[in-house]
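Colleague: Right, I'll just put the structure down here and ask away after.
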Amino acid sequence: MSAPQPSSVLVIGGGPAGYTFVDQLRLRGYRGELTLIDPRGLPMDRPPLSKEFLRGAMGREELRFREAEWFEERSITVIAGAVEEISGVRLSEDAAGWEVFLENGPRLLSEVVVLATGTVPTRPELPGLDELAPLTFYTIDDAEALAPFLRPGATVGVIGAGLVGAEAASVAAERGAEVLLVSPRSPAAVRSFGEEAAAHLHAKHEPRGVRLITGTVRSATPAEVAPGEPVGRAATLTLENGESVGVDVLVIATGSVPCDGLGVDAGAQAAGAEAGGGLLVDAAGRTSLPNLWAIGDVARGVDATGAPLPQHAHWEAAMHSAEDAAAALLGQFPEERGARWFWSDRHGEHVEVVGTQAPVAGGAVVRREDARGLRGVFTLGAGGELLGAVTFDDARLARAARRLIDRAKPVDAAALADPEVSAKDLVRPPRRD
Amino acid sequence: MAQIVDVAGVGEIPEGEAVVVDGDANETGRDIAVFHAETGEFFALDDECTHETASLADGWIEGDRVECPLHAAEFCLRTGKVLCLPATESARTHKVEVVDGRVLLHPGESVEGADRP
Chain A
1 MSAPQPSSVL
11 VIGGGPAGYT
21 FVDQLRLRGY
31 RGELTLIDPR
41 GLPMDRPPLS
51 KEFLRGAMGR
61 EELRFREAEW
71 FEERSITVIA
81 GAVEEISGVR
91 LSEDAAGWEV
101 FLENGPRLLS
111 EVVVLATGTV
121 PTRPELPGLD
131 ELAPLTFYTI
141 DDAEALAPFL
151 RPGATVGVIG
161 AGLVGAEAAS
171 VAAERGAEVL
181 LVSPRSPAAV
191 RSFGEEAAAH
201 LHAKHEPRGV
211 RLITGTVRSA
221 TPAEVAPGEP
231 VGRAATLTLE
241 NGESVGVDVL
251 VIATGSVPCD
261 GLGVDAGAQA
271 AGAEAGGGLL
281 VDAAGRTSLP
291 NLWAIGDVAR
301 GVDATGAPLP
311 QHAHWEAAMH
321 SAEDAAAALL
331 GQFPEERGAR
341 WFWSDRHGEH
351 VEVVGTQAPV
361 AGGAVVRRED
371 ARGLRGVFTL
381 GAGGELLGAV
391 TFDDARLARA
401 ARRLIDRAKP
411 VDAAALADPE
421 VSAKDLVRPP
431 RRD
Chain B
1 MAQIVDVAGV
11 GEIPEGEAVV
21 VDGDANETGR
31 DIAVFHAETG
41 EFFALDDECT
51 HETASLADGW
61 IEGDRVECPL
71 HAAEFCLRTG
81 KVLCLPATES
91 ARTHKVEVVD
101 GRVLLHPGES
111 VEGADRP
């Protein structure tokens with residue numbers, strides 16, 4: 001039978017991890033008090049902020065996972081508020097728990113606290129940046145503030161050409177804005193896509209009208225405004241080569257760091273800033289402190305030696321960690337997890353990434369191309385097994401690759417490269433006829 | 001109730017594939033995907049994913065499930081029940097029967113046990 005249930009569980013953070021966690025906890029039979037706190041109230045999805053929402057193809061309410069009634073029906077209390085501090089407390093003779101302090105609000109008690117606070121965007125060291133109002137893609141407000149600049153005649157500066165920066169540049173270009181995309185590396189996002197696919201994707205910017213600058217921005221000077229007016233978003237950027245470029249808005253997309261302050265301040269073990277941050281957790285999401293769990297992007301798994309594993313801050317991984325933690329909290333077994341997957345949309349192309357793209361000694365990289373262009377890049381290991389794949393506008397190919405990776409058996413490289421072999425046939429056992 | 005649509009011969013939709021019956025042709029106004037599951041059975045759901053604009057007929061059909069080609073939401077082909085995020089709403093089902101080797105679709109007539117009748 002399952003372990004005794006905690007009397008109360010409080011989740012801090014309403015992204016994919018926080019939402020999935022409360023949903024899973026009830027689905028798995030948790031009957032105690034369940035509360036979710038987020039500054040924006042009802043849980044919301046994030047990937048569309050730099051994609052469909054930014055393009056105007058999706059509304060504010062569509063970002064919500066569920067409406068208020070859904071939470072009421074399941075006796076999940078949703079509180080719109082910011083948590084300032086959590087601290088360990090004795091709830092009774094034999095129960096340890098947590099005291100949760102809300103900004104300008106009440107103090108809550110809960111036996112278990114689950115941190116699902118995600119990440120916050122980093123800000124580069126850039127002279128002048130603090131005087132500006134640069135935008136990031138963390139909140140819906142950021143995306144809404146950027147939308148008016150996505151039009152012909154406006155110039156959008158984007159610093160950082162990783163997943164989010166490239167998506168923002170792509171949407172801005174699609175909407176007719178002039179786009180200046182600054183990346184210290186060319187190609188960008190090699191860690192996410194692997195060298196070959198990253199180069200293919202990076203090369204799409206310029207033909208779509210994005211001006212690509214490889215290098216850094218030296219400084220940003222806010223544009224002059226009429227006396228009495230607040231400093232706006234317009235700025236002049238000084239590039240490495242000394243060139244000055246005026247932009248109407250500046251988007252910062254230089255990455256993100258785990259929002260681990262609440263846990264760190266409470267004394268939970270963390271990876272530390274130089275190691276990329278994040279609260280250290282076991283496979284199920286337990287932190288080093290009793291009854292304190294961390295899920296999603298704020299959590300950081302560890303290897304057998306206790307060293308932090310590489311961060312994999314993607315949507316599906318966040319949901320899976322929430323499911324696993326919900327199972328473990330109730331004494332149930334988590335599901336087996338296969339190859340990791342994420343997607344990105346840029347310049348009209350739906351890109352999917354499964355597994356790992358880091359090259360291995362003795363391995364190989366296989367490309368699949370057809371009349372429309374590059375469909376997939378596959379990374380094979382030394383034993384001929386599939387380790388990773390990046391696919392372009394080919395959903396079935398991504399799903400086939402995922403299944404092949406999970407099988408961990410040698411694959412037919414010639415079939416992978418052959419666009420005539422369907423994705424379904426790649427995973428079907430060979431026919432006898 | 002809309003007219004029954006003669007979709008195709010049983011052998012014309014390979015197992016693990018689907019065809020789309022246009023919303024005007026099926027008189028419901030919504031495109032319907034008719035799936036030939038790997039179990040050999042035929043099922044039909046509204047073609048558009050309940051999450052965003054994507055055709056479930058282009059998805060990955062395995063067992064009695066289909067995975068959306070865009071963001072990997074999964075639906076049960078038998079009941080239309082949504083099985084994972086990002087979709088949260090189940091898909092509408094439509095009755096399909098095989099008569100004399102023909103796949104017949106009953107647009108707008110949900111199956112018994114449908115999650116969203």
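For the protein sequence lines, the chains are A and B, in the order given.
Position 61 of the first sequence, counted from 1, bears residue number 61 in the UniProt record's numbering, the numbering being contiguous throughout.
Position 89 of the second sequence, counted from 1, bears residue number 89 in the UniProt record's numbering, the numbering being contiguous throughout.
Note that the Cβ used here is the ideal one computed from N, Cα and C, for glycine as well.
Leaving out five residues before and five after Glu385 of chain A in sequence, what residues of the same chain have Cβ atoms less than 7 Å from its Cβ?
Modeller: Correct list, in chain order: Ala408, Lys409, Pro410, Val411.
Colleague: Let me check one thing: in DSSP terms, what residues is Asp370 of chain A bridge-paired to?
Modeller: Answer is A:Gly373.
Colleague: Does any CB atom of chain B fall closer than 7 Å to the CB of Lys424 of chain A?
Modeller: By this cut-off, Lys424 of chain A is an interface position.
Colleague: Is the Cβ of Asp433 of chain A closer than 7 Å to any Cβ of chain B?
Modeller: At Asp433 of chain A the pLDDT is 49, less than 50, meaning the model places this residue with poor confidence; the figure from the coordinates comes in the next sentence. Chain B, which has no Cβ nearer than 7 Å to the Cβ of Asp433 of chain A, makes this no.
Colleague: Rounded to whole angstroms, what is the Cα-Cα separation between Phe43 of chain B and Ser55 of chain B?
Modeller: Going from the Cα of Phe43 of chain B to the Cα of Ser55 of chain B covers about 15 Å.
Colleague: Identify whether Val427 of chain A lies in helix, strand or coil by the three-state DSSP scheme.
Modeller: Val427 of chain A: helix per DSSP, three-state reduction.
Colleague: Measure the alpha-carbon distance for Gly338 of chain A versus Glu316 of chain A and round it to whole angstroms.
Modeller: C-alpha separation (whole angstroms): 11 Å.
Colleague: Per DSSP, which residues does Trp341 of chain A bridge with? Please list them.
Modeller: In DSSP, Trp341 of chain A forms a bridge with A:Val354.
Colleague: What's the C-alpha gap between Pro310 of chain A and His320 of chain A?
Modeller: Each residue's Cα considered, the two are about 16 Å apart.
Colleague: Note down the Cα distance separating Ile256 of chain A from Pro117 of chain B, rounded to an integer number of angstroms.
Modeller: Looking at the sequence provided, one finds Ser at residue 256 of chain A rather than Ile. Using only the alpha carbons, I get a separation of about 43 Å.
Colleague: In the structure shown, what three-state DSSP assignment does Glu99 of chain A receive?
Modeller: Glu99 of chain A: strand per DSSP, three-state reduction.
Colleague: Along the chain, which unbroken stretches of the beta strand (DSSP E) at least 3 residues long are found entirely within the UniProt domain "Rieske" (5-105) of chain B?
Modeller: With a minimum length of 3 residues, the continuous beta strand (DSSP E) runs that stay inside the UniProt domain "Rieske" (5-105) of chain B are 5-9, 17-21, 32-36, 42-46, 60-62, 65-67, 74-76, 93-99.
Colleague: Along chain B, in chain order, which residues have C-beta atoms closer than 9 Å to that of Asp45 of chain A?
Modeller: Simply Leu85, Pro86.
Colleague: Taking only the alpha-carbon atoms, compute the straight-line gap between Ser219 of chain A and Arg211 of chain A and give it to the nearest angstrom.
Modeller: Computed Cα separation, rounded: 18 Å.
Colleague: When DSSP labels each residue in this structure, what does Ile295 of chain A get in the three-state scheme?
Modeller: Ile295 of chain A falls in the coil class under three-state DSSP.
Colleague: Can you give me the C-alpha to C-alpha distance between Val247 of chain A and Gly215 of chain A, rounded to a whole angstrom?
Modeller: Approximately 17 Å, taken between the alpha carbons.
Colleague: Is Arg396 of chain A close to chain B, meaning its C-beta is less than 7 Å from at least one C-beta of that chain?
Modeller: It does: the Cβ of Arg396 of chain A has a partner Cβ on chain B nearer than 7 Å.
Colleague: What residues from chain A crowd round Glu27 of chain B, counting only those whose CB sits closer than 9 Å?
Modeller: The premise fails here: Glu27 of chain B is roughly 28 Å from chain A at the closest Cβ pair, so nothing lies under 9 Å.
Colleague: Nearest to Ala328 of chain A by CA position, among A:Val114, A:Glu174, A:Leu404, is which residue?
Modeller: Nearest of A:Val114, A:Glu174, A:Leu404 to Ala328 of chain A, Cα basis: A:Val114.
Colleague: Would you call the region 345-361 of chain A and the region 188-206 of chain A in contact, with 3 or more CB pairs under 8 Å?
Modeller: Yes, the region 345-361 of chain A is in contact with the region 188-206 of chain A.
Colleague: Name the chain B residues whose beta carbon is nearer than 8 Å to that of Glu99 of chain A?
Modeller: By Cβ distance, chain B contributes nothing, its closest Cβ being about 32 Å from Glu99 of chain A, past 8 Å.
Colleague: Just mark Val66 of chain B as buried or exposed, buried being the case when its beta carbon has 16 or more other beta carbons within 10 Å.
Modeller: Label assigned to Val66 of chain B: buried.
Colleague: What does DSSP give as the partner residue(s) for Pro222 of chain A in the beta ladder?
Modeller: Bridge partners of Pro222 of chain A: A:Ala235.
Colleague: Can you tell me where the beta strand (DSSP E) holding Val360 of chain A begins and where it ends?
Modeller: Element bounds for Val360 of chain A: n/a, residue is neither H nor E.
Colleague: Quick check on Met44 of chain A: does DSSP put it in helix, strand or coil?
Modeller: DSSP places Met44 of chain A in strand when its eight states are reduced to three.
Colleague: Quick check on Arg399 of chain A - is its C-beta less than 7 Å from some C-beta in chain B?
Modeller: Yes, Arg399 of chain A lies at the interface with chain B (some Cβ there is under 7 Å from its Cβ).
Colleague: Could you spell out the range, first to last residue, of the alpha helix (DSSP H) harbouring Val171 of chain A?
Modeller: Note, Val171 of chain A: alpha helix (DSSP H), 163-174.
Colleague: Could you tell me whether any Cβ in chain A is nearer than 7 Å to the Cβ of Pro69 of chain B?
Modeller: Output row for Pro69 of chain B: interface = yes.
Colleague: Would the beta-carbon of Ala322 of chain A fall within 7 Å of that of Ile295 of chain A?
Modeller: Taking 7 Å as the Cβ cut-off, Ala322 of chain A and Ile295 of chain A qualify as a contacting pair.
Colleague: Hey, out of A:Ala361, A:Tyr19, A:Ser50, whose CA is closest to Glu35 of chain A's CA?
Modeller: In the sequence as presented, Glu is not what sits at residue 35 of chain A; that position holds Thr. Of the listed residues, the one whose Cα sits closest to Thr35 of chain A is A:Tyr19.
Colleague: Check the Cβ-Cβ distances between Asp6 of chain B and every residue of chain A, and say whether any is below 7 Å.
Modeller: So, not an interface residue.
Colleague: For Arg78 of chain B, count neighbouring C-beta atoms within 10 Å of its own C-beta (all shown protein chains included) and say buried if the count is 16 or more, exposed if not.
Modeller: Burial call: buried.
Colleague: In this structure, does DSSP put Phe193 of chain A in helix, strand or coil?
Modeller: Helix at Phe193 of chain A.
Colleague: If we count the other Cβ atoms within 10 Å of its Cβ and call it buried at 16 or more, is Ser344 of chain A buried or exposed?
Modeller: So Ser344 of chain A counts as buried.
Colleague: In chain order, what residues of the same chain lie with their CB nearer than 6 Å to the CB of Val251 of chain A, ignoring the 5 residues before and after it?
Modeller: Once the five neighbours on either side are set aside, the close Cβ partners of Val251 of chain A are Leu135, Val158, Ala168.
Colleague: Can you grab the Cα-Cα spacing for the pair residue 437 of chain A / Gly160 of chain A, in whole Å?
Modeller: Summary: the structure shown does not reach residue 437 of chain A, with chain A confined to residues 1 through 433, and so no result is reported for it.
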